[in-house]
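**Student:** FYI, in my numbering the residues of the sequence shown are 201 to 471.
The C-beta atom is built at its ideal place from N, Cα and C for all residues, glycine as well.
It should be emphasised that the depicted structure is a prediction, and the values quoted were computed from it without experimental measurement.
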Amino acid sequence: MLDKLDPDQKMKRREWETHRRALETRLPALQRAAHDAGLATIIIFEGWDRAGRGAAINVLTQLLDPRGFKVWPVGGHSQEGHYPWLRRFWLKLPRRGDLAIFDHGWYARIRDDRQAAQSPEVGWSQAVRDIVDLERTLADDGAVIVKLWLHIGQKTWERLHEPQQGAPSSGHTRAATGNADLDYETALQFADEMLRQTSFEWAPWTIVEAEQPRYAGWRVSNVVADALERGLRGRGVTIPAPDASTAGVEADAVSATLPDDAAAVLVAAER
């Protein structure tokens with residue numbers, strides 16, 4: 201799936217400014233409507249290390265009302281101790297009407313362990329089942345689940361992982377998750393397997409082409425706005441017509457960039 205995508209998508213600055221102005225109106229309006237409707241929203245950022253998760257989170261949060269969301273950077277799972285491993289995520293779930301943004305979420309465990317060869321097939325399968333059960337429970341309770349994979353190509357990945365001194369960090373981010381220690385093809389295989397096994401109609405993955413931060417920020421913001429709108433419509437809430445400059449663009453972008461099998465999962469969630 202991932203190897204068939206072209207992550208080098210670009211957007212001109214002037215075009216982004218036009219979309220940003222529309223999003224500055226659309227996203228807060230949807231956020232307020234979700235708050236009034238008691239709609240909980242969970243947004244999970246995953247993807248390659250140094251693919252710009254922090255920058256994308258910054259773009260999204262600048263468009264939202266800060267009173268209605270929390271950002272949770274997720275570290276390694278060594279801190280789980282003697283509790284069930286999903287407990288720490290339950291404690292961070294948003295109350296109805298709010299948003300929770302995870303810089304890595306429960307997927308960090310299965311991805312890191314599998315890539316580090318620490319998780320045998322049985323452990324991997326159990327973790328996947330645990331995650332699917334969790335997301336199914338949350339969706340049945342009415343939550344909107346947005347899962348974003350920030351994708352970059354091999355050349356960009358190799359360039360970003362060249363030794364650098366004094367490179368600044370971009371806002372919300374956490375330590376490397378382990379894919380920097382693997383060759384690109386192996387890491388790609390693990391990521392592709394994870395995405396295929398955990399994308400469902402009630403909690404689909406969206407692949408975000410992340411080689412240009414401007415384009416990635418636009419894609420992320422539109423995906424979240426579209427997901428909020430679908431969730432509100434599912435509750436019978438009337439949504440004002442979106443700005444003409446962004447209406448319908450997201451569905452077209454998803455269908456155009458994903459292979460048929462993955463696109464079907466994502467498009468099904470829009471119905």
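If we call anything under 8 Å between Cβ atoms a contact, is A403 one with I345?
**Tutor:** Against a cut-off of 8 Å, the Cβ pair of I345 and A403 comes out as a contact.
**Student:** Terminal residues of the continuous alpha helix (DSSP H) containing A234?
**Tutor:** Taken as a continuous stretch (DSSP letters only), the alpha helix (DSSP H) holding A234 covers R213 to A237.
**Student:** What separation, rounded to the nearest whole angstrom, lies between the Cα atoms of G268 and L395?
**Tutor:** Cα to Cα, G268 sits roughly 29 Å from L395.
**Student:** Specify whether the segment 259-268 and the segment 324-343 touch according to this definition: at least 3 beta carbon pairs, one from each stretch, less than 8 Å apart.
**Tutor:** Judged by Cβ distances under 8 Å, the segment 259-268 makes no contact with the segment 324-343, as fewer than three pairs qualify.
**Student:** Taking 8 Å as the cut-off, decide whether the C-beta atoms of V274 and L348 are in contact.
**Tutor:** Not closer than 8 Å, so no.
**Student:** In whole angstroms, what is the alpha-carbon distance linking R336 and D330?
**Tutor:** Those two C-alpha atoms are separated by around 10 Å.
**Student:** In the DSSP assignment, find the unbroken alpha helix (DSSP H) run with L350 in it and report its ends.
**Tutor:** Taken as a continuous stretch (DSSP letters only), L350 belongs to no alpha helix (DSSP H), being part of the beta strand (DSSP E) at V344 to H351.
**Student:** To the nearest angstrom, how far is it from the Cα of V332 to the Cα of L338?
**Tutor:** Going by the C-alpha atoms only, they are around 10 Å apart.
**Student:** Looking at the unbroken alpha helix (DSSP H) that takes in A425, where does it start and where does it end?
**Tutor:** That run of the alpha helix (DSSP H) goes P413 to G434.
**Student:** Evaluate D203 with the Cβ neighbour count: other Cβ atoms within 10 Å of its Cβ, from every protein chain shown; 16 or more gives buried, anything less gives exposed.
**Tutor:** Classification for D203: exposed.
**Student:** Would you say A237 and V424 are within 8 Å of each other, going by their C-beta atoms?
**Tutor:** It is not a contact, given that the beta carbons lie outside the stated cut-off.
**Student:** When the Cα atoms are used, what is the spatial distance from Y283 to W290?
**Tutor:** Each residue's alpha carbon lies about 12 Å from the other.
**Student:** Suppose the cutoff is 6 Å on Cβ atoms and the five residues either side in sequence are ignored; what does the same chain contact list for Y307 look like?
**Tutor:** Excluding sequence neighbours, Y307 sits near E246.
**Student:** In the DSSP assignment, what residue or residues form a beta bridge with W324?
**Tutor:** BP columns for W324 are empty, so no partner.
**Student:** Look up T241 in the DSSP assignment and give the residues it is bridged to.
**Tutor:** Looking at the DSSP assignment, T241 forms a beta bridge with L299 and V344.
**Student:** In or out: T386 buried (at least 16 other Cβ within 10 Å) or exposed?
**Tutor:** By the neighbour-count rule (16 or more Cβ atoms within 10 Å), T386 is not buried but exposed.
**Student:** On the DSSP letters alone, give me the boundaries of the alpha helix (DSSP H) that F289 sits inside.
**Tutor:** It spans R287 to W290 - the alpha helix (DSSP H) in which F289 sits, taken as one unbroken run.
**Student:** Report yes if the C-beta distance between G297 and L350 is below 8 Å; otherwise report no.
**Tutor:** No, Cβ-Cβ distance for G297 and L350 is not below 8 Å.
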